[in-house]
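These notes concern the structure reproduced below.
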Amino acid sequence: MEDLRQEVRRIEKVLNDMLAYAKPKPPQFGRADLKDTFARTLHLARQQTGSKHVEFSIQVPPDLPAFRMDSEQLHQVLLNLVLNGVQAIEREGKITIAAKFNAPGGQARRTWWKSR
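Under my numbering, the residues of the sequence shown are numbered 1006 to 1121, in order.
Dropping the structure here:
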């Protein structure tokens, strides 16, 4: 009976650790460069293409300023989207991550991700 109790405590600890790991973390805002986040995302995605021929590209205006964001959370979201795109490609395709910036006062329009 004692062995059973120990095993239940061990399983309970493992489950609590997993729940703590999966718990959403609050954003950690800091000034970051979107181009760097995009580049890091595509660097990891390139390693996940397997035998598929996938062309990756980044389209970011050269004058896009750094801004306050949680680059880690954005990186994770983008990586998930890009890897979904890679999975959707049968043999070959192209994935482009793009950002557009309009100065304040104009109508803001941003395209974060697209796949063909």
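Beta carbons: idealized from backbone N, C-alpha and C, even for Gly.
- So what does DSSP say about A1103, is it helix, strand or coil? Correct three-state label for A1103: strand.
- Message: Quick check on DSSP: helix, strand or coil for D1008?
- Response: The answer is helix: DSSP assigns D1008 an H, G or I state.
- Message: Report the CB separation of L1009 from T1042 in whole angstroms; it is logged as a contact under 8 Å.
- Response: Between T1042 and L1009 the Cβ distance is about 49 Å, and since that is not below 8 Å, they are no contact.
- Message: Distance check for M1006 and Q1081, CA to CA, integer angstroms please.
- Response: Going by the C-alpha atoms only, they are around 44 Å apart.
- In terms of alpha-carbon separation, which member of F1034, V1019, F1061 lies closest to I1094? Closest option to I1094, Cα to Cα, is F1061.
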